[in-house]
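Residue numbering for the sequence shown follows the UniProt record's numbering, beginning at 1 and increasing consecutively.
Every residue gets a Cβ at the ideal spot worked out from N, C-alpha and C, and that includes glycine.
Fair warning: this is a prediction, and the values are worked out from it, not measured in the lab.
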Amino acid sequence: MDLDAFRALEPWCWRAPSAHNTQPWRLRHEPDAIQIGWDPARTLPAADPTGRDLRLSLGAFVETCLIVAADAGLRLEYAADHDERHRRVGWLRPAPDRYPTPFRTTDVWERRTDRGHLAGGVDQDTLAAVDAVARQAGGSVRTVPDAGRLGALLRAADRRLYADPPVVAELRRWLRLDPAHPDYRADGLTDRCLGLSRPAAAGLRVALAGYPALRPLGLPRLLAAAAGDPLAHGGTVLVLVAPEQLDEPGQVDFGRVLLRNWLVLHTAGLAAHPLSQLIDVPATRTVLGALLGVAPQRLLHVARVGRPTRPAPRSARRVVGARA
């Protein structure tokens, strides 16, 4: 009965975060369990060639499902069963007890990515709390000791990504820069969530439409400059560090850790703005690892964290037709 009742809760579960808001997860209801997998059409093979962000997103979705089910009184557990060939990470199945979690569905619903101004940073108690969550799984959360160097690293990472045609093609596919876009209220990155004015959104549409001709003329550098400096908008930069030799199922598990950390931050009145480009580009990832004294491959997630100065727009979600 708990598996059947879970169907009505699925719209809440879609509030899980994903790179470019692609919402790659898929649920397949079987007689005695629910399979959690992914749709390859909603992955980012150019921007996420190793699948790190995909697996983090799937782990965040798993954790969201467990939180939502527990808050509704359903007794479900997650059984890992990672299978790349069948595009599956595991199963939700009946359990003797509810999943133990301090979080509620309202936390899942209200958590938002905030790319705007963030007042202050992360206090020591909250930093210790998110670090403790990561350490339970063998990882840690670190602050960047020389945040002044991050501005140059961010610009370098942005230029490198904007210079890569397949990455830009993926970005164009998932940008929703006009409310008239057919998927504006379904998925992707909207102008509102990116904090773009109407003129800025229109300018970005024009620039990206002319990308093939303008790329050799220096468009990647202009686009990187136009993106601005997120660090000027305040906040503390936090890095989620994995244990050594984390395998693919382990990355899914750390997606669950990441979601729990975001909810710890949310319940403390803080918001996060991911800066994934820092670890998407090998050169900047190596420099960041050196700043932290950590092997670059252990860096899983980077975000600017602080107290929002105004409510952030809610990103779009799709549910209809999202089952396998």
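Check, Outcome
"Going by CA-CA distance only, name the one from Gly151, Arg260 and Glu84 that's closest to Leu66.", "Arg260"
"Can you look up Gly269 in the DSSP assignment and give me helix, strand or coil?", "coil"
"Taking the alpha-carbon of Leu313 as reference, which of His273, Leu288, Gln277 and Asp280 has the nearest alpha-carbon?", "With the sequence shown as reference, residue 313 is identified as Pro, and Leu is not the correct amino acid for it. Nearest of His273, Leu288, Gln277 and Asp280 to Pro313, Cα basis: His273."
"Can you tell which of Glu244, Leu246 and Gly203 has the C-alpha that lies nearest to the C-alpha of Ala227?", "Gly203"
"Whose C-beta lies closer than 8 Å to the C-beta of Asp114 among residues of the same chain, with five residues either side of it excluded?", "Ala271, Ala272, His273, Pro308 and Ala312"
"Just tell me which of Arg221, Val133 and Asp32 has its CA closest to the CA of Arg160.", "Arg221"
"I'd like the span of the alpha helix (DSSP H) that includes Val168, first residue to last.", "Pro165 to Trp174"
"Measure from the alpha carbon of Leu288 to the alpha carbon of each residue in His266, Arg149 and Ala268, then state which is nearest.", "Arg149"
"Contact between the region 293-302 and the region 250-259 is defined here as three or more beta-carbon pairs at a separation below 8 Å; is this criterion met?", "yes"
"If contact is defined by three or more beta carbon pairs under 8 Å, each pair taking one atom from either stretch, is the region 42-60 in contact with the region 96-109?", "no"
"Which word fits His20, buried or exposed, when buried means at least 16 other C-beta atoms lie within 10 angstroms of its C-beta?", "buried"
"Identify whether Gln23 lies in helix, strand or coil by the three-state DSSP scheme.", "coil"
"Round the Cβ separation of Leu153 and Thr284 to the nearest angstrom and send it over; I've been treating them as touching at under 8 Å.", "5 Å"
"What's the gap between the Cα of Leu9 and the Cα of Pro17?", "17 Å"
"Three Cβ pairs or more, each shorter than 8 Å: is that satisfied between the region 137-148 and the region 233-247?", "yes"
"Let me make sure I understand the geometry here. Which of Thr64, Glu170, Glu248 and Asp131 has the alpha-carbon closest to that of Leu208?", "Glu170"
"Taking 8 Å as the cut-off, decide whether the C-beta atoms of Leu265 and Val305 are in contact.", "yes"
"Below 8 Å on the Cβ atoms is my guess for Phe103 versus Leu263; work out the distance and round it to an integer in Å.", "5 Å"
"What does Tyr78 pair with, by DSSP beta-bridge criteria?", "Leu92"
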